[in-house]
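The block underneath contains the structure these notes are about, expressed in structure tokens.
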Amino acid sequence: MAVVSSAHSAIFSKTSLFHHINGFKRFSSCLPFSSSAAASLSSKKKWRQPVASSVLELGGIKIAKDDVVRDDPTNNVPDTIFSKLGMQLHRRNDHPIGILKNGIYEYFDTNYPTKFDKFDDLCPIVSVKQNFDDVLVPADHVSRSYNDTYYVDSQTVLRCHTSAHQAELLRRGHTHFLVTGDVYRRDSIDSTHYPVFHQMEGVRVFTPDIWEGSGLDPTSYAAEDLKKSLEGLARHLFGAVEMRWIDAYFPFTNPSYELEIYFKEKWMEVLGCGVMEQEILKSNGRLDSVAWAFGLGLERLAMVLFDIPDIRLFWTTDERFTSQFSEGQMGVKFKPFSKYPPCYKDMSFWINESFTENNLCEVIRGIAGDLVEEVSLIDNFTNKKGMTSHCYRIAYRSMERSLTDEEINNLQWNVREQVQKKLNVVLR
Ligand code: FA5
Ligand code: MG
Numbered sequence: 001m002a003v004v005s006s007a008h009s010a011i012f013s014k015t016s017l018f019h020h021i022n023g024f025k026r027f028s029s030c031l032p033f034s035s036s037a038a039a040s041l042s043s044k045k046k047w048r049q050p051v052a053s054s055v056l057e058l059g060g061i062k063i064a065k066d067d068v069v070r071d072d073p074t075n076n077v078p079d080t081i082f083s084k085l086g087m088q089l090h091r092r093n094d095h096p097i098g099i100l101k102n103g104i105y106e107y108f109d110t111n112y113p114t115k116f117d118k119f120d121d122l123c124p125i126v127s128v129k130q131n132f133d134d135v136l137v138p139a140d141h142v143s144r145s146y147n148d149t150y151y152v153d154s155q156t157v158l159r160c161h162t163s164a165h166q167a168e169l170l171r172r173g174h175t176h177f178l179v180t181g182d183v184y185r186r187d188s189i190d191s192t193h194y195p196v197f198h199q200m201e202g203v204r205v206f207t208p209d210i211w212e213g214s215g216l217d218p219t220s221y222a223a224e225d226l227k228k229s230l231e232g233l234a235r236h237l238f239g240a241v242e243m244r245w246i247d248a249y250f251p252f253t254n255p256s257y258e259l260e261i262y263f264k265e266k267w268m269e270v271l272g273c274g275v276m277e278q279e280i281l282k283s284n285g286r287l288d289s290v291a292w293a294f295g296l297g298l299e300r301l302a303m304v305l306f307d308i309p310d311i312r313l314f315w316t317t318d319e320r321f322t323s324q325f326s327e328g329q330m331g332v333k334f335k336p337f338s339k340y341p342p343c344y345k346d347m348s349f350w351i352n353e354s355f356t357e358n359n360l361c362e363v364i365r366g367i368a369g370d371l372v373e374e375v376s377l378i379d380n381f382t383n384k385k386g387m388t389s390h391c392y393r394i395a396y397r398s399m400e401r402s403l404t405d406e407e408i409n410n411l412q413w414n415v416r417e418q419v420q421k422k423l424n425v426v427l428r
């Protein structure tokens with residue numbers, strides 16, 4: 001395994017208004033989460049369609065749509081995201097994400113019998129404190145912005161990483177745990193980014209008797225153990241695959257690393273990890289310990305494992321996809337059911353100071369849903385008057401069928417109208 005050092009960026013690797021509006025009380029009872037491993041959804045029924053009903057049950061808690069999607073400035077959760085809450089792909093044993101989760105469990109159960117406690121049903125609606133403060137994310141960190149995170153209200157978010165559960169589980173006395181869950185981020189659009197995806201968090205705490213006598217200082221001991229465990233996991237999942245370690249930055253670990261895997265002619269980041277900041281351990285009842293932590297991107301790993309070319313496929317209920325996977329079958333290679341052609345549409349506009357690419361992508365997804373495959377900036381210039389123009393290319397493609405010209409033209413027409421209206425930009 002080659003070791004390469006360089007900086008790398010992603011949401012965490014970059015250097016309150018109203019309180020208890022209706023519904024928040026229910027979320028707080030949702031926070032001391034229900035427990036784990038027990039229930040996995042029946043794998044008999046093939047995957048259900050997105051919930052049309054407007055009341056969900058998450059970790060045993062009932063949540064109504066208007067608790068999560070509200071027309072007020074502290075809320076930026078769109079309908080399309082609400083429809084993903086409660087889908088829990090990671091709890092379906094015949095879905096690639098569930099199969100992968102079970103494969104990772106198997107690795108930890110084999111190598112550390114009975115050690116790791118597993119949680120896969122913790123409520124994705126968490127407090128700002130859990131998601132950010134508890135893991136030392138600075139007050140001015142980009143990940144806290146409304147541009148990057150879905151806020152239910154000023155103190156409540158859809159978790160943007162499973163690290164949101166670290167502190168609480170440590171406080172409850174867990175020293176080895178795996179937390180799997182759906183996480184939510186406003187993000188760009190391409191084949192490896194989706195606004196809802198799944199992570200698995202792993203934490204292992206070491207007490208002094210474990211590193212004493214190793215000849216290593218506790219931090220080096222934990223860092224070595226971490227890399228060994230994750231390299232072992234990668235071998236368990238993939239056998240031989242090209243990978244490299246990258247030095248990284250996270251507010252909650254030091255040192256920090258990311259692991260990249262070579263996939264479809266590109267390096268793809270699959271996980272972040274590191275030695276947990278002492279302060280997190282100290283604040284949660286572990287004065288004399290060190291710990292490592294990691295956060296795996298399950299879709300990214302599943303793409304490599306099952307040869308799934310596009311992240312949107314995880315959400316399809318098309319039989320031609322779902323019938324290819326079954327419980328316990330790790331690494332079956334996905335056979336694409338004919339490839340439909342993409343259709344490209346360009347749009348140019350003068351941006352304003354508040355323009356962001358995440359906002360643009362949110363508007364486009366709101367209209368085109370999973371028919372949009374990629375949004376990329378293809379031209380960017382500033383004129384003599386200081387006005388900046390962006391040209392974006394939108395690739396439309398269905399994973400399931402051919403799209404008609406008329407359908408695409410309608411989508412694009414709608415996108416142009418909404419982009420202009422919602423983002424206050426001037427089309428050219
Ligand atoms: C984190 O989320 C950290 N919480 C990980 C961590 C945990 C670090 C514990 C240290 C200790 P990051 O933002 O890089 O880090 O995301 C982790 C992984 O999630 C990425 O490596 C990637 O595999 C996946 N990921 C990130 N954004 C997306 C996205 N939009 N779609 C699909 N997968 C994504
Ligand atoms: Mg990252």
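With the first letter of the sequence shown counted as 1, position 425 gets the number 425 in UniProt numbering; the numbers rise by one all the way through.
Idealized CB from N, CA, C, for every residue including glycine.
Note that the structure is predicted; figures quoted are calculated from it, not measured.
Near residue i, which residues of its chain fall below 6 Å by C-beta distance, leaving aside the five closest residues on each side in sequence?
i    : result
R159 : P124, V126, N131, V183
H165 : L122, V179
K345 : I394, Q412
L233 : Y107
V68  : V77, F82, V152
W211 : P218, Y221
V304 : I261, F263
S214 : Y221
Would you mind stating whether residue i and residue j have Cβ atoms separated by less than 9 Å?
i           : j    : result
F12         : V137 : yes
Y396        : P342 : yes
W292        : G173 : no
K65         : L56  : yes
V372        : I189 : yes
L313        : I104 : no
V315        : K118 : Checking the displayed sequence, the identity of residue 315 turns out to be Trp instead of Val. No; because the gap between Cβ atoms is not below 9 Å, this pair is not in contact.
residue 460 : N102 : Past the edges of the chain, shown from 1 to 428, lies residue 460, and the structure says nothing about it.
T219        : V290 : yes
E260        : V275 : no
R428        : F321 : no
I280        : V135 : yes
R244        : W267 : yes
A167        : N254 : no
Kindly give me the distance between the Cβ atoms of residue i and residue j, rounded to whole angstroms, as I take these residues to be in contact under 8 Å.
i    : j    : result
L298 : L100 : 6 Å
I81  : P195 : 6 Å
L89  : H193 : Not really, about 16 Å apart at Cβ, beyond 8 Å.
M200 : T162 : 7 Å
V375 : I364 : 6 Å
N147 : T356 : 5 Å
P309 : S402 : Contact flag wrong, Cβ pair sits at about 18 Å.
F116 : F177 : 6 Å
So, at 7 Å on beta carbons, what are the nonlocal neighbours of residue i in its own chain, with the 5 sequence-adjacent residues on each side left out?
i    : result
F306 : P96, G331, V332, K333, F334
C30  : In this prediction, C30 has a pLDDT of 44, which is less than 50 and means its spatial position is unreliable; what the coordinates show is noted afterwards. Closer than 7 Å at the Cβ level, and outside the excluded window around C30, lie L58, G59, I61, C123, I125.
I351 : T388, H390, V425
Regarding residue i and ligand 2, is the C-beta to nearest heavy atom distance less than 8 Å?
i    : result
E357 : no
F12  : yes
G202 : no
G59  : no
G274 : no
A293 : no
E374 : no
A164 : no
A248 : yes
E258 : yes
Around the C-beta of residue i, are 16 or more other C-beta atoms found within 10 angstroms, so that it is buried, or is it exposed?
i    : result
G239 : exposed
W413 : exposed
G272 : buried
R171 : exposed
T114 : exposed
Y262 : exposed
E258 : buried
Between which residues of its own chain and residue i is the CB-CB distance below 8 Å, once the five residues before and five after are set aside?
i    : result
D318 : F337, M399, E400
R144 : V128, F132, V137
F381 : T388, S389
N358 : N147, D148, R186, D187, S188
Q418 : V363, G366, I367
K264 : P309
K385 : none
D288 : T207, P208
Cβ of residue i versus every heavy atom of ligand 1: is any distance shorter than 8 Å?
i    : result
V270 : yes
D133 : no
C361 : no
G181 : no
Q199 : yes
R185 : yes
Y150 : no
E353 : no
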